[in-house]
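Below is one structure; the comments refer to it alone.
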Amino acid sequence: MCLFFRWLAPIGICASLDIGLSNWALEYVTVSLYTMAKSSSILFIVAFSLLLRLERWRTSLGVEAAFIASGLFLFTWQSSQLDFTGLLLVELAASCTGIRWTVSQLVMQRDEHAVRNPLDMVAHVQPWMFIPIIPLVVFFEGPQLSYETVFYYKGVEAPFQVLLLACIGGLLAFCMELSEYLLLVNTSGITLNIFGIVKEITTLLLAHMINKDKLTYMNSMGLVLCFTGMLIHAFTRRRQSNEKERKRTHLPKKADDSTHMLLEAEDMDA
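Letter by letter, the sequence shown follows residues 0 to 269 in numbering that gives the first Met the number 0.
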């Protein structure tokens, strides 16, 4: 019960606020500015990971975060319209992202309160997502909700079309969340966020190709910086994995319990 309220509740509430604040911010800012500002989420994840001792500070960690954040900033340079309210909402959403994934990593990887099954995480987190969303729906959309607006359709097939679209969207969201937790239990929140950046870059590239937007030299430099940061992260993770495997290989068969505990602690920090 302590796990449910102390750790899982913040995950669900922050996930809900992340989605709600992000959608709200898009009323004030363009997609490019949203992507640029939301890129700061990796900095929040790094900060909270260090605070919760999920990561140990190393130079490569700061370098890869700086490369990726700077790259996304340049990738969307001069393609946005600044609005302070929208920017504030995006940064609040980014901070919620940082809390959400670092606490999720803590819950799924720490032995004393591990929930390693992604389906269990989804089942425990989803109920908490209703708590902050319902007041926002009532406050912003309550006056517009009525019997006519909710249940009135122009054609007989319209309700089935809406239901089909809702089911497809819900299925995609469920699969995405399941894959995110599956990735998180085996890696870290930082790695998960970096894979998410690939999605953001793909979205912006498609926008450039479909909408015929020009990709400037500055945007290209930003793309290079992003991939450089990702390569640094991949190389660092690979090196850490090889070092841990080497330690296990050279570990004597009758190693004492303290040595095993030390290796487990290093796994948690990596």
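Just so it is clear, CB atoms sit at the ideal spot from N, CA and C, and this is done for glycine as well. As the structure is a computational prediction, the values presented were derived from the model and not from experiment.
Item                                                                                                                                                             : Value
Here's the rule: buried if 16 or more other CB atoms are within 10 angstroms of the residue's CB, otherwise exposed. What is Leu205?                             : exposed
Given this structure, state the Cα-to-Cα distance separating Asp17 from Ala46, to the nearest angstrom.                                                          : 17 Å
Sort Lys246, Leu177, Thr248 and Leu222 by Cα distance to Phe72 and report the nearest one.                                                                       : Leu222
Can you give me the start and stop residues for the alpha helix (DSSP H) that Leu16 sits inside?                                                                 : Ala8 to Ala24
Indicate the three-state DSSP secondary structure (helix, strand or coil) for Leu162 in the structure shown.                                                     : helix
Between Ile41 and Ala8, how many whole angstroms is the CB-CB distance? I'm expecting something under 8 Å.                                                       : Actually they do not touch by this definition, with Cβ atoms about 24 Å apart.
Check whether the segment 80–96 touches the segment 122–134, counting contact only when three or more Cβ pairs, one atom from each stretch, lie closer than 8 Å. : no
Find out if the Cβ-Cβ distance for the pair Phe66, Gly228 is shorter than 8 Å.                                                                                   : yes
Using the beta-carbon count (16 or more within 10 Å), is Lys37 buried or exposed?                                                                                : buried
Could you have a look at Asp255 and say whether DSSP puts it in helix, strand or coil?                                                                           : At Asp255 the pLDDT is 46, less than 50, meaning the model places this residue with poor confidence; the figure from the coordinates comes in the next sentence. In this structure, Asp255 counts as coil in the three-state DSSP scheme.
Taking only three categories from DSSP, how would you classify Asn116?                                                                                           : coil
Per DSSP, what kind of secondary structure is Arg238 in: helix, strand or coil?                                                                                  : helix
Go through its chain and collect everything with a Cβ distance to Tyr27's Cβ below 6 Å, but skip five positions before and after it.                             : Asp82, Thr84 and Gly85
By DSSP, does Met260 sit in helix, in strand, or in coil?                                                                                                        : A caution first: Met260 carries a pLDDT of 48, below 50, which makes its placement in the model unreliable, though a value can still be read off. Met260 falls in the helix class under three-state DSSP.
What three-state label does DSSP hand Lys153 in the structure shown?                                                                                             : coil
Which stretch, first to last residue, makes up the alpha helix (DSSP H) that contains Leu53?                                                                     : No alpha helix (DSSP H) contains Leu53, which DSSP labels as neither H nor E.
Taking the alpha-carbon positions, what's the Gly19 to Val62 distance?                                                                                           : 31 Å
Under 8 Å: do the segment 88–104 and the segment 183–198 share three or more Cβ pairs, one atom per stretch?                                                     : yes
In the DSSP assignment, the alpha helix (DSSP H) including Val89 goes from what residue to what residue?                                                         : Phe83 to Gln108
Would Phe43 pass as a contact of Gly97 if the rule is Cβ separation under 8 Å?                                                                                   : yes
For Tyr27, which of helix, strand or coil comes out of DSSP?                                                                                                     : coil
By the three-class DSSP mapping on this structure, what secondary structure does Ser39 have?                                                                     : coil
Rounded to the nearest angstrom, how far is the Cβ of Ala68 from that of Ser39, given a contact under 8 Å?                                                       : 6 Å
Please identify the residue among Gly188, Gly70 and Ile167 whose C-alpha is closest to the C-alpha of Glu54.                                                     : Gly188
Candidates Tyr216, Met217 and Phe226: which alpha carbon is nearest Lys198's?                                                                                    : Phe226
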